[in-house]
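Colleague: Following this note's numbering, the numbering of the sequence shown begins with 4 at its first residue and continues without gaps.
The beta-carbon is built from N, C-alpha and C at its ideal position, and this holds for glycine as well.
What follows is a structure written as structure tokens; I'll ask about it next.
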Amino acid sequence: MSKESKMTREVYDAVLLTAGAVGISMASKKLLKEPLGTPENVKGMVKLAVSVSLSSLLVSYLKEKKNGYAEEAKRHNLAMENLTAEREKYLEEVTDRRNRIAQLKSELAEQIGISSQRTSH
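Here it is in structure tokens:
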């Protein structure tokens, strides 16, 4: 993985963490009727710790969900490749069967034509 990709991923995680903390702070303000506050006292530190913990869980969940989607897409693509291969195999078998039937009909028609010529002479 390149340095830029790692840096981008770290920035993305930091943004998610910050957004999660802000979201939890806003939810706390609406639900509990008091803001999370600042870590100047024990109560503020606990609130901030809970906020960061919940944000970390959110980041972890989103990463897992993203990886789950990638795995599901990979599984789906593999299944589609297998299905396509089986379909091609089936179509080849059908074509071979039709060609064999046409060949047998042709041979039968020739045999009937030859036997009718013998009986007419």
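1) Which word fits LYS50, buried or exposed, when buried means at least 16 other C-beta atoms lie within 10 angstroms of its C-beta?
2) Cα-Cα, which of ILE27, SER31, LYS77, MET10 is closest to LEU61?
3) Within 10 Å of its beta-carbon, does ALA24 have 16 or more other beta-carbons around it, so buried, or fewer, so exposed?
4) For SER109, count neighbouring Cβ atoms within 10 angstroms of its own Cβ and tell me buried if that reaches 16, exposed if not.
5) What's the gap between the Cα of ASN85 and the Cα of TYR93?
6) Assuming contact is defined by CB atoms lying nearer than 7 Å, are LEU20 and SER58 in contact in what I supplied?
7) Taking only three categories from DSSP, how would you classify LYS36?
Modeller: According to the structure data:
1) Along the sequence shown, one-based indexing puts residue 50 at 47. Counting Cβ neighbours within 10 Å, LYS50 comes out buried, since at least 16 surround it.
2) Reading the sequence shown from its first residue, position 58 is the one you call residue 61. Among ILE27, SER31, LYS77, MET10, the Cα nearest to that of LEU61 is on ILE27.
3) Reading the sequence shown from its first residue, position 21 is the one you call residue 24. With 16 or more other Cβ atoms within 10 Å, it is buried.
4) Within the sequence shown, numbered from 1, the residue matching residue 109 stands at position 106. Flag for SER109 reads exposed.
5) As a first step, residue 85 is located in the sequence shown; it is residue number 82 there, counting from the start. As a first step, residue 93 is located in the sequence shown; it is residue number 90 there, counting from the start. Taking the straight line joining both Cα atoms gives about 12 Å.
6) Within the sequence shown, numbered from 1, the residue matching residue 20 stands at position 17. Within the sequence shown, numbered from 1, the residue matching residue 58 stands at position 55. In this structure, SER58 lies closer than 7 Å to LEU20 by Cβ.
7) As a first step, residue 36 must be located in the sequence shown, where it is residue number 33. Here LYS36 sits in coil by DSSP.
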